[in-house]
Ligand SMILES: Cc1ncc(COP(=O)(O)O)c(C=O)c1O
């Protein structure tokens, strides 16, 4: 296996595009869980779910092993299947559209708005007109900037489609009305990820919020093998009791599900992290503002999103760099950054360019805005523990290398 970055490159102290913030309280929370009786399927899972549901103001939350698992379950619960399609953005992590493939549905893509890098309501409407079998729309709140959900919901309602928001980047982001992403006011479900570079972390982990009780119950089943333990919905209630006494062991596998459970150890970390979410988002926002100010006079480097700076959780800080005008290439530029201790990243290669999706007939040229962004894209370091001094050194290095 070979990385594209030169392995012989001397490593200085690395500043990466993203990383977690873990403090002593987080460590203690995990240690306390390890000393408790319950490592999984215990009280910390429900407490974590309630903490997030309460924070975003949703009725229900189901925590799972990853954002990808959450997207898979959400696609199934939303009704994605072999007879229909799921529409999302080409500028996302492959997990969003892979969820369609897992469910047997056709993955489809709508081009982005070049100012937000989010799926554009106009292209969503265009794709829905072309493909009346779109059942699920998955807007991705790219880098933490919420999509125009009011417009997208209106279009979805008119086309009998349901919405699963991919908010992997957007825990702590707000809609323009000030309410939190995840409240499902504009969607059937919202999906979060807790990978270490995200707003908060559980190591690996994901979560779905919804206000729909039937969906909530379906998600609980899908998370654990399709097993239902709620006595009010047993399909064979006669097996659930003996002479009027409930059979305490009884449960029913009612459909095919998965083992997508998250542990109490992870949820203990998540609960502790949630106490700091507001400060994490505030710090990311301050760093984004500092970058914005530093690049405002540059012709070669510009923030790639120039809307909603005060409502985004700033999971990423994506810029557009005119590498050609700077007399370089992105590969050469990233290698130079790496040699000087800064690991930038590219989010994302358009999913429609991936060989798997090409083989399924995706025509990458159909998404010119996504491709134009990709050609110039770079994500700069942004995370809680990035100091002003470190950020200043990153800015100085970028401006130096761009001449
Ligand atoms: C937009 C988006 N969706 C989904 C995922 C999948 O989340 P996870 O890594 O927790 O499975 C990611 C992860 O990076 C993501 O960025």
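Numbering (our numbering), first residue to last: 17 to 419.
Don't be surprised by glycine CBs; every beta carbon is placed ideally from N, CA and C.
Are residue 332 and residue 74 close, meaning C-beta to C-beta below 8 Å?
On the chain shown, residue 332 is found 316 positions in, with the first residue counted as 1. On the chain shown, residue 74 is found 58 positions in, with the first residue counted as 1. No.
Secondary structure at residue 123, three-state DSSP: helix, strand or coil?
Numbered from 1 along the chain shown, position 107 holds the residue referred to as residue 123. Note: residue 123 maps to strand in three-state DSSP.
For ligand 1, I want to know if residue 220 counts as a neighbour, meaning its beta carbon is within less than 7 Å of at least one of the ligand's heavy atoms.
Mapped onto the chain shown, residue 220 falls at position 204. Indeed, a heavy atom of ligand 1 lies less than 7 Å from the Cβ.
Might you give, ordered along the chain, the residues of its own chain that have their beta carbon closer than 6 Å to the beta carbon of residue 118, omitting 5 neighbours on each side?
Position 102 of the chain shown holds residue 118. Around residue 118: 88.
Near residue 411, what residues of its chain come up, given a Cβ to Cβ distance below 6 Å and the 5 sequence neighbours on each side ignored?
In the chain shown, the residue the question calls residue 411 occupies position 395. Once the five neighbours on either side are set aside, the close Cβ partners of residue 411 are 310.
For a quick check, are the C-beta atoms of residue 152 and residue 182 less than 8 Å apart?
Position 136 of the chain shown, counted from the start, is the residue given in the question as residue 152. Position 166 of the chain shown, counted from the start, is the residue given in the question as residue 182. Contact: no.
Quick check: residue 316 and residue 342, are their CB atoms within less than 8 Å of each other?
Within the chain shown, the letter at position 300 stands for residue 316. Within the chain shown, the letter at position 326 stands for residue 342. Yes, the pair counts as a contact, with Cβ atoms nearer than the cut-off.
Taking three-plus beta-carbon pairs below 8 Å as touching, is the stretch 159-176 in contact with the stretch 52-69?
no
Following a CB-centred definition, is residue 112 positioned closer than 7 Å to any heavy atom of ligand 1?
Start at 1 with the first residue of the chain shown, and residue 112 comes out as number 96. Because some heavy atom of ligand 1 lies under 7 Å away, the Cβ of residue 112 counts as near it: yes.
At what residues does the beta strand (DSSP E) containing residue 295 begin and finish?
As a first step, residue 295 is located in the chain shown; it is residue number 279 there, counting from the start. Residue 295 -> not in any beta strand (DSSP E); alpha helix (DSSP H) instead, spanning 293-311.
If residue 251 sits next to residue 270, beta carbons under 8 Å apart, how far is it from one beta carbon to the other, in whole angstroms?
In the chain shown, the residue the question calls residue 251 occupies position 235. In the chain shown, the residue the question calls residue 270 occupies position 254. About 6 Å separates the two Cβ atoms, so the contact holds.
Rounded straight-line distance, which links the Cα of residue 51 to that of residue 385:
Mapped onto the chain shown, residue 385 falls at position 369. Mapped onto the chain shown, residue 51 falls at position 35. Using only the alpha carbons, I get a separation of about 52 Å.
Would you call the stretch 319-328 in contact with the stretch 352-367, where contact means no fewer than 3 C-beta pairs closer than 8 Å?
no
Starting from residue 205, trace the beta strand (DSSP E) both ways and give me its first and last residue.
By 1-based counting over the chain shown, the position of residue 205 is 189. 205-209 is the span of the beta strand (DSSP E), which, as asked, contains residue 205.
Beta-carbon contacts of residue 129 that lie in its chain and below 6 Å, excluding the five residues immediately before and after
Residue mapping note: residue 129 aligns to position 113 of the chain shown, counting from 1. 136.
Regarding residue 185 and ligand 1, is the C-beta to nearest heavy atom distance less than 7 Å?
On the chain shown, position 169 is the one that residue 185 refers to. True, at least one ligand heavy atom lies under 7 Å from that Cβ.
Mind checking whether the beta-carbon of residue 72 lies closer than 7 Å to any heavy atom of ligand 1?
To locate residue 72, count along the chain shown from 1; it is residue 56. The answer is no for residue 72.
Compare the Cα-Cα distances from residue 81 to each of 154, 207 and 249 and report the closest residue.
Numbered from 1 along the chain shown, position 65 holds the residue referred to as residue 81. Taking only the C-alpha atoms, the option nearest residue 81 is 207.
Is the stretch 95-109 in contact with the stretch 361-377, if contact means three or more CB pairs nearer than 8 Å?
yes
Once DSSP output is grouped into helix, strand and coil, what is the label at residue 222?
Here residue 222 refers to the residue found at position 206 of the chain shown. It is a strand residue.
Return yes when the C-beta of residue 109 is under 7 Å from any heavy atom of ligand 1, and no when it is not.
The residue labelled residue 109 in the question sits at position 93 within the chain shown. At least one heavy atom of ligand 1 is nearer than 7 Å to the Cβ of residue 109, so yes.
Would you list the one or two residues that DSSP bridges to residue 361?
Translated into the one-based positions of the chain shown, residue 361 becomes position 345. In the DSSP output, where bridge partners are listed per residue, residue 361 has 395.
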